[in-house]
Amino acid sequence: MGATVTDDFERMWADLAEVGRSASSGGYFRQPFLPAERELAAWFLDQCTARGLPVETDPFGNVVGWWRPTGGIVRDEMDASGPDSRPLGDGLSPRAGVLTGSHLDSVLDGGAYDGPLGVVSALAAVDELRSRGFVPSRPIGVGVFVEEEGSRFGLACLGSRLATGAVSWETARELADRDGVRLGDVVEGGPADQAGRGGLLADVGAFVELHVEQGRDLVDRNAAVGVASGIWPHGRYRFDFTGEANHAGSTRMEDRRDPMLTYAMTALAANKQARLAEQRATFGRLDVEPNGTNAVPSRVSAWLDARASSEEALAELVGVVTRQATERAERDGTALEVTAESVSAAVTFDLGLAELIATDHAEGDWPVIPTAAGHDAGVLSAAGIPTAMLFVRNPTGVSHSPAEHAEVPDCLAGVHALADTLERLAR
Ligand SMILES: [Zn+2]
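Heads up, the sequence shown is in the working numbering, so the first residue is 777 and it goes up one at a time.
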């Protein structure tokens, strides 16, 4: 190993820096199955090839490069009670692999770190383990899941949901982007029974995703890395407000049935309720008809992203917002229909795994913190795969924006932490 891990990380980071980057905002547009994201996918395959990691893909576009024990011999073909063998957990086959990785797609005008940091760190961790002379006794996989952000087809964690069977291909193939292109038009796909645990994830006994922190807990704790305890339940809800299109000049104010007004009050109510309950509610996307400056709109569709500390609290939050919006619609002479587009249950990560990862380090234990952001790790955890997440400090706490950031020394601390974790799990 000639290059140091620092060179290695910085070289890979530089490879990605300009791909899909907007010259005007500095943010990234890496929507799934479009040229920038496909360039990153090809880059990932090249990185696996350069490291001699044979690649497996599934019909949805998810990819795993495997570092297999020497000679491709798996543990249950060897002496399963080797001197350094240690179980990953109850009931796991000794041949079960440890998967790490993340995603390469971004939100619209997103940051550089959300997703790619986990993929680059996973490759760098493999290099670091090899430079340590480490030989895994279980396969170590470096994976990339497609469409984690849901920025094109609207369903977050689409790749991992398809890989685990959490969403069926029959449903997913009909998802359409804003231009009407269906998922089924861009990937081969396949029936649900070809996915699930029998597919790409069949040999995965544990998953560890490294991710930039999307908040400031690690800043407050003065720690470069932390371990996730769980993910808040969250959901996306479409609010369709309908009224009557009319002339902005000749229609008297009292004669209007203006759905924008009902929406505006709903956005204020959502913000207030979330503040009162210490939860999160965001309207970040609007679709207006006819969308003319001089027209009272006929329809406003608005998407609510809501997150809360428990499933009961989430249901309560969305219920209160819906009730207040409905009451307001009656006063405005408009109509409201609410559709839950996706709801993700609370995730509690494997506590034994988190403890194994977080404790007994030279520099002390790493903090264990919750997150309100969704991840593929949550989907794999819900599918019954013991799962953990590592977070790398983000000094601004800002994410899903070009301001998202992590300092290089913290990124390198993340690579070391991931390498230590993989070593603990795969020795
Ligand atoms: Zn992410």
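Yeah, the Cβ is synthetic: ideal placement off N, Cα and C, and Gly gets one too. The structure displayed is predicted, hence computed values, not measured ones.
Which partner residues does residue i have in the DSSP bridge list?
i, result
"Tyr-1039", "None, per the DSSP bridge assignment."
"Asp-1081", "Arg-1012 and Thr-1058"
"His-879", "Phe-921"
"Ile-1007", "Val-1123 and Thr-1147"
"Thr-833", "Val-839"
"Arg-814", "The partner list for Arg-814 (beta bridge, DSSP) is empty, contrary to what the question assumes."
"Phe-983", "Leu-875 and Thr-1163"
Applying the criterion that 16 or more other CB atoms from any shown protein chain within 10 Å of the CB defines a buried residue, is residue i buried or exposed?
i, result
"Ala-978", "exposed"
"Asp-1196", "buried"
"Asp-866", "With a pLDDT of only 44 at Asp-866, under the threshold of 50, the placement of this residue in the model should not be trusted; the figure read from the coordinates follows. Classification of Asp-866: exposed, given that the 10 Å Cβ count is below 16."
"Val-1001", "buried"
"Leu-1044", "exposed"
"Val-1155", "buried"
"Met-1165", "buried"
"Val-1291", "The structure shown does not extend to residue 1291, since the chain spans only 777 to 1203, so no value can be given for it."
"Val-1003", "buried"
"Leu-1052", "exposed"
"Leu-1093", "buried"
"His-1176", "buried"
"Gly-926", "buried"
"Pro-1035", "buried"
Tell me whether the beta-carbon of residue i lies closer than 9 angstroms to the beta-carbon of residue j.
i, j, result
"Ala-1134", "Val-1072", "no"
"His-1181", "Ser-878", "no"
"Ala-888", "Ile-1161", "no"
"Phe-820", "Val-839", "yes"
"Arg-1062", "Ser-1077", "Note on residue identity: the sequence assigns Leu, not Arg, to residue 1062. It is a contact, given that the beta carbons lie within the stated cut-off."
"Val-911", "Pro-845", "yes"
"Ala-1193", "Leu-986", "yes"
"Gly-935", "Gly-837", "yes"
"Arg-1240", "Glu-1199", "A question about residue 1240 goes unanswered here, because the residues of the chain that appear run from 777 up to 1203."
By the three-class DSSP mapping on this structure, what secondary structure does residue i have?
i, result
"Ala-932", "coil"
"Asp-1196", "helix"
"Leu-1166", "strand"
"Val-850", "Note that Val-850 scores 46 on pLDDT, short of 50, meaning its location in the model is unreliable; the coordinates nonetheless yield the value given after this. Correct three-state label for Val-850: coil."
"Val-911", "coil"
"Arg-958", "strand"
"Glu-786", "helix"
"Val-988", "strand"
"Ile-1133", "helix"
"Ala-826", "helix"
Considering only heavy atoms of ligand 3, does any lie closer than 8 angstroms to the CB of residue i?
i, result
"Ala-1149", "The model depicted lacks ligand 3 and carries ligand 1 instead."
Counting Cβ pairs closer than 8 angstroms, one from the stretch 1098-1116 and one from the stretch 989-1008, do we hit at least three? no
Check whether the stretch 954-964 touches the stretch 1032-1045, taking contact to mean three or more Cβ pairs, one atom from each stretch, closer than 8 angstroms. no
The stretch 914-921 / the stretch 798-805 touching (three or more Cβ pairs under 8 angstroms): no
Could you tell me whether the stretch 1167-1174 touches the stretch 899-910, where touching means 3 or more Cβ pairs closer than 8 angstroms? no
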